[in-house]
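Notes follow once the structure below has been shown.
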Amino acid sequence: MRSIWSHLGRPTTRAIALVCVADGLVGISYGAVAVHSGIQPWVVLALALLVLAGASEILFVGIVAAGGSPLTAALAGLLVNARHLPFGLAIHEVVGTGWRRVLGTHLLNDESVVFALDQDTLERKRAAFWACGLGILLCWPAGAALGAFAGTVIEDTDAFGLDVMFPAVLLALIFPALRERRTRRAALVGAVVAVAATPFLPAGIPVLLSLVGLLFGFGRKQLKPEVTA
Amino acid sequence: MNQSMLVLVGVLVLAVGTYTFRLAGPLLRTRAEVSERVETLLADAAIVLLMAVLTTTALTQDQQFAGFARLSGVLVAGVLAWRKAPFVAIVLAAALTTALLRLAGVA
Numbered sequence: 068m069r070s071i072w073s074h075l076g077r078p079t080t081r082a083i084a085l086v087c088v089a090d091g092l093v094g095i096s097y098g099a100v101a102v103h104s105g106i107q108p109w110v111v112l113a114l115a116l117l118v119l120a121g122a123s124e125i126l127f128v129g130i131v132a133a134g135g136s137p138l139t140a141a142l143a144g145l146l147v148n149a150r151h152l153p154f155g156l157a158i159h160e161v162v163g164t165g166w167r168r169v170l171g172t173h174l175l176n177d178e179s180v181v182f183a184l185d186q187d188t189l190e191r192k193r194a195a196f197w198a199c200g201l202g203i204l205l206c207w208p209a210g211a212a213l214g215a216f217a218g219t220v221i222e223d224t225d226a227f228g229l230d231v232m233f234p235a236v237l238l239a240l241i242f243p244a245l246r247e248r249r250t251r252r253a254a255l256v257g258a259v260v261a262v263a264a265t266p267f268l269p270a271g272i273p274v275l276l277s278l279v280g281l282l283f284g285f286g287r288k289q290l291k292p293e294v295t296a
Numbered sequence: 002m003n004q005s006m007l008v009l010v011g012v013l014v015l016a017v018g019t020y021t022f023r024l025a026g027p028l029l030r031t032r033a034e035v036s037e038r039v040e041t042l043l044a045d046a047a048i049v050l051l052m053a054v055l056t057t058t059a060l061t062q063d064q065q066f067a068g069f070a071r072l073s074g075v076l077v078a079g080v081l082a083w084r085k086a087p088f089v090a091i092v093l094a095a096a097l098t099t100a101l102l103r104l105a106g107v108a
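Going down the list, the sequences are from chains Z and G.
Numbering-wise (the numbering used here), the first sequence opens with residue 68 and increments by one.
Numbering-wise (the numbering used here), the second sequence opens with residue 2 and increments by one.
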């Protein structure tokens with residue numbers, strides 16, 4: 068455990084801590100809202116511990132609270148979580164092998180992936196991934212449970228601008244990667260596709276559709292052997 | 002099956018399915034050597050997906066426009082990231098912008 072921290076500088080450690088705390092606060096608000104709309108507290112806690120992917124949990128709870136079938140809710144949540152497969156393909160090295168993989172796999176999420184991508188060496192990537200993953204494994208269920216059992220500690224996290232923190236975190240962390248022309252083009256085309264599709268398609272699908280952006284990133288240069296590191 | 006059992010089954014289906022998605026990537030990669038070009042493509046794919054997650058959460062909520070307060074916060078984050086501000090400053094400035102706009106009555 069000590070090796071995790073020694074590989075990360077202070078700014079990265081502080082950034083990861085901030086993200087975990089913000090996730091915990093959002094968890095409190097989500098847990099309280101979920102219980103208010105008629106969801107049992109144990110459902111909130113079980114989702115937080117076993118699924119550990121906020122957006123899909125919020126969607127699941129929303130569908131069940133609205134009277135939808137739990138199986139429909141589970142399938143909708145799975146659509147949202149399908150992006151974890153390409154994430155694992157991209158950063159498989161940080162997840163670990165053997166028994167570590169059992170837990171490491173569970174820690175794969177937007178935040179831990181983006182912190183890992185932001186580091187330059189494999190050692191630092193691993194350290195950032197595990198620090199962020201373990202921090203969220205602690206903060207998200209703790210926040211959600213606190214909200215669900217203790218009720219309305221924070222009535223509305225939107226008033227504090229907490230809802231903007233998640234996109235701001237992602238933006239801050241992927242920004243360096245966007246300085247690469249190829250990546251930027253692919254990401255911008257993908258973003259336009261995803262946003263345009265959002266009003267018309269079920270949650271999760273628009274994000275997956277963004278991958279067509281890759282065609283515009285590689286596109287023409289595919290013919291030339293430009294990747295000669 | 003009563004409602005609680007049904008909800009439990011739903012939770013388990015979502016949990017096991019999500020774990021399977023998470024496991025599939027690393028499992029597939031340990032079974033196949035990939036070229037440097039594919040490696041670059043996969044790294045780009047992760048960035049493209051994260052960019053899509055960020056723009057859809059910046060702009061939409063429940064398939065509708067999320068409002069100018071959140072969008073402004075993300076734009077402030079973008080400007081600060083471009084000026085290479087520290088991470089913590091970027092994120093806190095975004096939250097502060099959105100909170101102040103909401104306080105002023107902007108949705």
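We put the beta carbon where it would ideally sit given N, CA and C, even for glycine.
Span separating the alpha-carbon of residue i from that of residue j
i	j	result
Z/I106	Z/G134	11 Å
G/Q62	Z/E190	37 Å
Z/I130	Z/A140	6 Å
G/L1	Z/L175	Missing from the structure shown is residue 1 of chain G; chain G here goes from 2 to 108 and no further.
G/L13	G/K85	43 Å
Z/V236	G/L9	33 Å
Z/W207	Z/C87	8 Å
G/T31	Z/E178	23 Å
Z/V259	Z/G280	9 Å
G/Q65	Z/S73	44 Å
G/R103	G/A95	12 Å
Z/R150	G/L24	12 Å
Z/E247	Z/V111	40 Å
Z/A122	G/T41	28 Å
Z/A143	Z/I125	11 Å
Z/L170	G/G106	44 Å
G/A67	G/L76	14 Å
Z/F302	Z/H173	With chain Z covering only 68 through 296, there is no way to say anything about residue 302 of chain Z.
G/L50	Z/S96	26 Å
Z/A244	G/S5	45 Å
G/N3	Z/R251	50 Å
G/T99	G/P87	19 Å
Z/W109	G/G11	13 Å
Z/A253	Z/V262	14 Å
Z/V162	Z/T224	32 Å
Opposing strand residues paired with residue i [DSSP bridges]
i	result
Z/Q107	DSSP output for Z/Q107 lists no bridge partner at all.
G/L61	Per the sequence shown, residue 61 of chain G should be read as Thr rather than Leu. According to DSSP, which records beta bridges pairwise, G/T61 is partnered with G/F66.
Residue-level contact to chain G via CB, residue i, 8 Å cutoff
i	result
Z/L92	no
Z/R167	no
Z/V100	no
Z/L152	yes
Z/T265	yes
Z/A141	yes
Z/R81	yes
Z/A226	yes
Z/V305	A question about residue 305 of chain Z goes unanswered here, because the residues of chain Z that appear run from 68 up to 296.
Z/G231	First, the amino acid is wrong: residue 231 of chain Z is Val here, not Gly. Closer than 8 Å: yes.
Z/L85	yes
Z/T172	yes
Z/I241	yes
Z/A261	yes
Z/I95	no
Z/V88	no
Z/G218	no
Z/A319	Nothing can be reported for residue 319 of chain Z, as the shown portion of chain Z is limited to 68 through 296.
Z/G214	no
Z/P78	yes
Z/A63	In this structure chain Z extends from 68 to 296, so residue 63 of chain Z is not present and cannot be described.
Z/H159	yes
Any chain Z beta carbon closer than 8 Å to residue i
i	result
G/R71	yes
G/V12	yes
G/R32	no
G/A105	no
_Report the start-end ranges of each beta strand (DSSP E) in the stretch 143-195 of chain Z that is 3 residues or longer and not cut off at the edges._
none
_Residues of the stretch 272-287 of chain Z with Cβ closer than 7 Å to any Cβ of chain G, in chain order_ = P273, V274, S277, L278, G280, L281, G284 and F285
*May I have a chain-ordered list of the alpha helix (DSSP H) segments no shorter than 4 residues that lie completely inside the stretch 194-278 of chain Z?*
232-245, 248-264 and 272-276
*At which residue ranges does the stretch 72-131 of chain Z contain complete alpha helix (DSSP H) runs of 4 or more residues, listed in the order of the chain?*
77-103 and 108-117
*Mind checking the stretch 118-131 of chain Z against chain G and listing, in chain order, the residues whose C-beta falls within less than 7 Å of any C-beta there?*
V118, A120, S123, F127 and V131
_At a CB distance below 9 Å, what residues from the stretch 73-84 of chain G approach chain A? Give them in sequence order._
The structure shown contains no chain A; its protein chains are Z and G.
_Cβ-based contacts, 8 Å cut-off: residues of the stretch 244-256 of chain Z near chain G_ = A244, L245, R249, T250, A253, A254 and L255
*Could you please tell me which residues of the stretch 184-204 of chain Z, in chain order, have their CB closer than 8 Å to any CB of chain G?*
L184
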